[in-house]
Amino acid sequence: MRVRVEQTALPGIGVRHDMMTESGRRLGVVSHRSGQRNLVLYDPDDPDGCAADIPLTDDEATVLADLLGASLILGQLSGLREQAAGLLTEQIVIPASSAYVDRPMGDAQIRSRTGASIVAVLRADEVIVSPAPAFRFKAGDVVVVVGNRQGLDGASATFANDDPAG
Numbered sequence: 001m002r003v004r005v006e007q008t009a010l011p012g013i014g015v016r017h018d019m020m021t022e023s024g025r026r027l028g029v030v031s032h033r034s035g036q037r038n039l040v041l042y043d044p045d046d047p048d049g050c051a052a053d054i055p056l057t058d059d060e061a062t063v064l065a066d067l068l069g070a071s072l073i074l075g076q077l078s079g080l081r082e083q084a085a086g087l088l089t090e091q092i093v094i095p096a097s098s099a100y101v102d103r104p105m106g107d108a109q110i111r112s113r114t115g116a117s118i119v120a121v122l123r124a125d126e127v128i129v130s131p132a133p134a135f136r137f138k139a140g141d142v143v144v145v146v147g148n149r150q151g152l153d154g155a156s157a158t159f160a161n162d163d164p165a166g
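In full-length UniProt numbering, the protein residues as written are 1 to 166.
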């Protein structure tokens, strides 16, 4: 299952990132320009209504991200996304069946094939920022890709394919 994150600019406030869970619940994080973050759980009967709004300190946000096994890298990229309309970020898991497991990142030719860019790879507790073309993927790596919807879908299809020809 691919989880999509929607970003909404909140003029004068900051930015909100929302996602829909597999069970149909919508939740989000509001990142204020002041640095404050709020975890938001939406009302299941009113998608625009807020059932819970929980302010988080930086330490609490970090612990929550660690508990969820997530990375705050998307938060770091939010400023970049605000500057470029239509720019999206997605995390793509490299399946064990991918033709690119144990191969250099350059072999996938993601940028030239899809127009999307790999900006980081999350591996266990490590974040590899701006991996070089010689970086070798491992099964289970989470690749952070930036681009438009078409580029992200192309990157996802490339890594899911068990045929290196694409």
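Just so you know, even glycine gets a beta-carbon here, dropped at the ideal spot from N, CA and C.
Which residues DSSP lists as bridging residue i, in chain order
i: SER117; result: VAL146
i: THR89; result: VAL146
i: GLU126; result: ARG123
i: ARG16; result: THR8, VAL30
i: ASP43; result: ASP46
i: ARG37; result: SER31, LEU56
Spatial neighbours of residue i in its chain, beta-carbon cut-off 8 angstroms, leaving aside the 5 residues before and after
i: GLY24; result: PRO44
i: ARG4; result: MET19, MET20, GLU90
i: LYS138; result: ILE94, VAL101, ASP102, ARG123
Proximal residues to residue i (C-beta, below 6 angstroms), its chain only, five neighbours per side dropped
i: ALA52; result: LEU41
i: ARG123; result: ASP141
i: VAL93; result: VAL142
i: THR8; result: ARG16
Collapsed DSSP secondary structure at residue i in the structure displayed
i: ASP102; result: coil
i: VAL29; result: strand
i: ILE54; result: strand
i: ASP59; result: helix
i: PHE159; result: helix
i: GLU141; result: Checking the sequence shown, residue 141 turns out to be Asp, not Glu. In this structure, ASP141 counts as coil in the three-state DSSP scheme.
Contact belief for residue i with residue j at Cβ below 8 angstroms, rounded distance in angstroms
i: VAL119; j: SER130; result: 7 angstroms
i: ALA116; j: VAL146; result: 7 angstroms
i: PRO104; j: ALA61; result: Actually they are not in contact, since the Cβ atoms of PRO104 and ALA61 sit about 34 angstroms apart, beyond 8 angstroms.
i: PRO47; j: ARG26; result: 6 angstroms
i: ARG149; j: LEU88; result: 6 angstroms
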